[in-house]
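Taking it in order: structure first as structure tokens, then the write-up.
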Amino acid sequence: MRWRRHVRARWFCAALLLRAGSAGAAAFVPGAPEADPPTGATGRIEPEIALPVAGNGIRWEFAPPRWGGTLSLDARRLRLEDGSRTSQGLLYNDIEMATHVWQPWFIQLRAGAGLLAARDTATPADGAASTTTRSLALTGRLALSVFPVSRFPFEFRAEVADSRAGGDTLGADFRTWRLGVTQAWRPESGGHSVNASLDYSRLESFTGIEDTVVTLRGTALRQLADHSFELSAQLSRNDRSDSDDRTRIGLVNGRHTFHPAEALHVDTLASWSDLRPASGAGGSRFETRSDVRQLSSFATAAARG
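Residues -25 to -1, 1 to 280, numbered by mature numbering (1 follows the signal peptide of the UniProt record, and there is no 0), are exactly what the sequence shown covers, in order.
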């Protein structure tokens, strides 16, 4: 009996020893040991880590520009009542570029330049020899828009143009210089907006006479339920270089629209204009003023069938 217990105890101890050895043993696979990962230059292209963009995420760089252009050849001939004739040949080349800074909704830039070559021939009615002149002219334009699709877009415009490049008729050739700025604003919600603009233009004929016009405009819109209000004002001044002639024009317009029903509209219009021309010099100076005021109201109703 003791011998059986002794044998069982030996088998139990052997089982415990085998179980403990299998639990703590490490498994080895035959073959060469695996090499440690390499260090230093490996020849592989490592991925670049994107750094945060400075300046609140704005990239002050131009996008690839879009180019366009035209090349035109124009021939014109004019015969006057007195029998004199005028002919003109034009070669016009124009290049235009458009790009933006960072994103299209941030800053947009458009620019263009043109070269005009002209040859004019004038033949008198009395049969005298014709006179031929040749000339070159440059044209250009620039437009800068800041936040063009936002609630407060701003635009700057500059242009130098030649009437001959626009296909105008003979006998009234001139060049124009224009500068303009426009600022608009509207709130995040609501049906009203404000717009203001300032424009400067100078027209110069080939005889040297210049006309300068400066115009200031403003517009305000307001929408309240069935009512809409619109108010606009404009002040402009025109000066001529070969004399002391000048003209000042002031305009104010107001409109109210009442739309209580789909088939009924009531419009009320009010306007005021002030015209002050002046001409002459010295004792023969002449100045006058005209003041016109208008008020009208009408209703439009559509019958339902």
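Backbone N, C-alpha and C define an ideal beta-carbon position, used for all residues, glycine too.
Strand pairing of residue i, partner residues [DSSP]
i	result
Asn31	Answer is none; Asn31 lacks a bridge partner.
residue 326	Limits of the chain in this structure are -25 at one end and 280 at the other, which puts residue 326 out of reach.
Phe122	In DSSP, Phe122 forms no bridge with anything.
Ile224	Ser211, Leu250
Glu237	Its beta-bridge partners do not exist; DSSP assigns none.
Arg268	Trp247
Thr114	Gly89
Gly43	Glu71
Arg230	Glu205, Leu244
Thr263	Looking at the DSSP assignment, Thr263 forms no beta bridge with any residue, so it has no partner.
Ala276	Leu239
Straight-line Cα distance separating residue j from residue i
i	j	result
Asp186	Ser164	43 Å
Arg264	Ser254	12 Å
Ala112	Ala73	23 Å
Ser211	Ser176	11 Å
Leu66	Thr98	21 Å
Thr107	Pro252	40 Å
Ala103	Ser216	34 Å
Arg54	Asp95	14 Å
Gly32	Glu134	33 Å
Asp242	Arg230	7 Å
Val267	Thr114	40 Å
Leu154	Ala171	14 Å
Ile184	Asp148	12 Å
Asp69	Leu250	40 Å
Trp35	Gly89	28 Å
Arg150	Leu239	49 Å
Ala245	Glu237	24 Å
Ser271	Asp137	42 Å
Leu196	Phe233	14 Å
Phe204	His167	9 Å
Asp219	Leu178	16 Å
Below-7 Å beta-carbon distance, residue i vs any chain D residue
i	result
His202	Note that chain D does not occur in the displayed structure, where there is just one protein chain.
Limits of the unbroken beta strand (DSSP E) element including residue i
i	result
Phe181	Element bounds for Phe181: n/a, residue is neither H nor E.
Phe127	Note, Phe127: premise wrong, no beta strand (DSSP E); not H, not E.
Pro197	It is worth fixing the name first, because residue 197 is Arg in this sequence and not Pro. Element bounds for Arg197: 185 to 199.
(request) Report yes or no: do three or more beta-carbon pairs, one from the region 77 to 91 and one from the region 46 to 62, lie closer than 8 Å? (result) no
(message) Which runs of the beta strand (DSSP E) at least 3 residues long sit entirely within the region 52 to 108? Give them in chain order.
(response) 60 to 76, 82 to 98
(message) Suppose only complete runs of 4+ residues qualify. What are the alpha helix (DSSP H) ranges in the region 147 to 176, listed by chain order?
(response) none
(message) Using a Cβ distance threshold of 8 Å, determine whether the region 83 to 91 contacts the region 54 to 63, with at least three qualifying pairs required.
(response) no
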